[in-house]
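Colleague:
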Amino acid sequence: MIKVKELIVVEGKHDKERIEKLFDCHVLCTNGLAITEEDVKLIKMASENNGVIVMTDPDFPGKKIRDVIDSKVKNVKHVFIEKDKAIGKRNVGIEYVDDKDLINALKKVVTFIENKESISWNEYLKLGLIKDKVKRDYLSKKLNLGINNNKRLFKYLNMLGYQFNYLKDILDKYDRK
Numbered sequence: 017m018i019k020v021k022e023l024i025v026v027e028g029k030h031d032k033e034r035i036e037k038l039f040d041c042h043v044l045c046t047n048g049l050a051i052t053e054e055d056v057k058l059i060k061m062a063s064e065n066n067g068v069i070v071m072t073d074p075d076f077p078g079k080k081i082r083d084v085i086d087s088k089v090k091n092v093k094h095v096f097i098e099k100d101k102a103i104g105k106r107n108v109g110i111e112y113v114d115d116k117d118l119i120n121a122l123k124k125v126v127t128f129i130e131n132k133e134s135i136s137w138n139e140y141l142k143l144g145l146i147k148d149k150v151k152r153d154y155l156s157k158k159l160n161l162g163i164n165n166n167k168r169l170f171k172y173l174n175m176l177g178y179q180f181n182y183l184k185d186i187l188d189k190y191d192r193k
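Each residue of the sequence shown is one higher than the last, beginning at 17 in this note's numbering.
1. For E98, count neighbouring C-beta atoms within 10 Å of its own C-beta (all shown protein chains included) and say buried if the count is 16 or more, exposed if not.
2. Could you give the distance in angstroms between the alpha-carbon of V113 and the alpha-carbon of L38?
3. Shortest alpha-carbon distance to K9 belongs to which of N181, C41 and N91?
4. Are the CB atoms of K19 and V26 within a distance shorter than 7 Å?
5. Go to L176, then tell me how far its alpha helix (DSSP H) extends in each direction, as first and last residue.
6. Helix, strand or coil for D115, going by three-state DSSP, please let me know.
7. Tell me which residue opens and which closes the alpha helix (DSSP H) that I85 is part of.
8. From L58, N47 and G48, pick the residue whose C-alpha is nearest to that of M175; which is it?
9. Could you check the C-alpha separation between L207 and F76 for me, to the nearest Å?
10. Between the stretch 48-66 and the stretch 160-179, can you find at least three pairs of beta-carbon atoms closer than 8 Å?
11. Between the stretch 82-92 and the stretch 48-56, can you find at least three pairs of beta-carbon atoms closer than 8 Å?
12. Among G104, D185 and L118, which residue has its Cα nearest to the Cα of G144?
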């Protein structure tokens, strides 16, 4: 499976499942028009680190989500799917687009990278964050990621491309306190 560098932003969980079926990538689901400030914050961080691709449904809510993201985040790439290629039985959505059309549309804007995580689960374990909530909160705060459980923090670290040595340096300062 081909790894995509950028964070891909979609509207719904079915859109997310379709993209993850075709590519090894990080996908943020806005849950329709319910895009939160936390979502926007993550999108901003991802745009500075790995880039962001917005791929919303070819309808009014999809355009509205694009507008919200564009007004708050710089350097965002967009993938547009023709409405006639995204028609399902009852509505319009990325989830209904043929695999070939999705791949062709994304190929125009994605950056393909070597297939590896920025930090592996074993490296995450070596950081000593699993049973140390205070240490995990310290790292989350230093990286402006809010408060996270282990699963979410690991996901965010990979989504934003943080490397083991960089994280270890931050935590070495914590350990010296």
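All residues carry an ideal CB built from backbone N, CA and C; glycine is no exception.
Modeller: A quick look at the data gives this:
1. Here residue 98 refers to the residue found at position 82 when the sequence shown is read from its first residue. Exposed, since its Cβ has fewer than 16 Cβ neighbours within 10 Å.
2. Along the sequence shown, read from residue 1 onward, the residue named residue 113 stands at position 97. Along the sequence shown, read from residue 1 onward, the residue named residue 38 stands at position 22. If you take the alpha carbons of V113 and L38, they lie about 12 Å apart.
3. Residue 9 is absent from the structure shown; the chain starts at 17 and stops at 193.
4. Position 10 of the sequence shown, counted from the first residue, corresponds to residue 26. Position 3 of the sequence shown, counted from the first residue, corresponds to residue 19. No, the Cβ-Cβ distance between V26 and K19 is not below 7 Å.
5. Working through the sequence shown from its first residue, we reach residue 176 at position 160. No alpha helix (DSSP H) holds L176; DSSP gives it neither H nor E.
6. On the sequence shown, position 99 is the one that residue 115 refers to. In this structure, D115 counts as helix in the three-state DSSP scheme.
7. To locate residue 85, count along the sequence shown from 1; it is residue 69. That run of the alpha helix (DSSP H) goes F76 to K88.
8. As a first step, residue 175 must be located in the sequence shown, where it is residue number 159. Comparing Cα positions, the closest option is L58.
9. This structure gives no information on residue 207, because the portion of the chain shown stretches from 17 to 193.
10. yes
11. yes
12. Locating residue 144 in the sequence shown gives position 128, counting from the first residue. That would be D185, whose Cα lies nearest to the Cα of G144.
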